[in-house]
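Here's the structure, in structure tokens; my notes come after.
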Amino acid sequence: MVDARQQFGSRVKSLESKKVRLAQGYYTTIRADGLVVAHPARRDRQVPTKLLVGLVVLFVCFKGFVLAAIGPTTYDARLTILAQGTIVEQAGAWVLQADPVTQALARKLGPVFRG
8 MVDARQQFGS
18 RVKSLESKKV
28 RLAQGYYTTI
38 RADGLVVAHP
48 ARRDRQVPTK
58 LLVGLVVLFV
68 CFKGFVLAAI
78 GPTTYDARLT
88 ILAQGTIVEQ
98 AGAWVLQADP
108 VTQALARKLG
118 PVFRG
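At position 100 of the sequence shown the residue is numbered 107 (our numbering), and the sequence of numbers has no breaks.
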């Protein structure tokens, strides 16, 4: 009797969790016996392209703000120090290099920080 009760409890728990997953989307299939069965929708694990583009734009803007705030001489000096460090620091120095977009943004922001 106890075993039957435990099986019933686990079945109810399984059905409740399936109900929660089905509420987030589902698709249906028809089994060989004609029964229509709902399955939880598969989740895409891909990072949205807009998110990646937004992060890149935000990072370039951050570099531009820092370059405008501390000036190109200080910025290059700090990158030189960073480039002499570990592999991770060298990678960071490579990523933080002042590209043309960053320099143009820094020139536009320069009067804001120095004015």
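From the three backbone atoms N, C-alpha and C, an ideal C-beta is built for every residue, glycine too.
| Item | Value |
| --- | --- |
| Residue 35: first and last residue of the uninterrupted beta strand (DSSP E) it sits in | 33-37 |
| Distance, residue 68 Cα to residue 60 Cα | 12 Å |
| Minimum C-alpha distance to residue 115 - residue among 34, 106, 71, 86 | 71 |
| Which residues DSSP lists as bridging residue 47, in chain order | 33 |
| Where the alpha helix (DSSP H) through residue 80 begins and ends | 79-90 |
| DSSP-derived helix/strand/coil call for residue 41 | coil |
| Rounded straight-line distance, which links the Cα of residue 109 to that of residue 118 | 15 Å |
| Residue interval of the alpha helix (DSSP H) (run including residue 95) | 94-102 |
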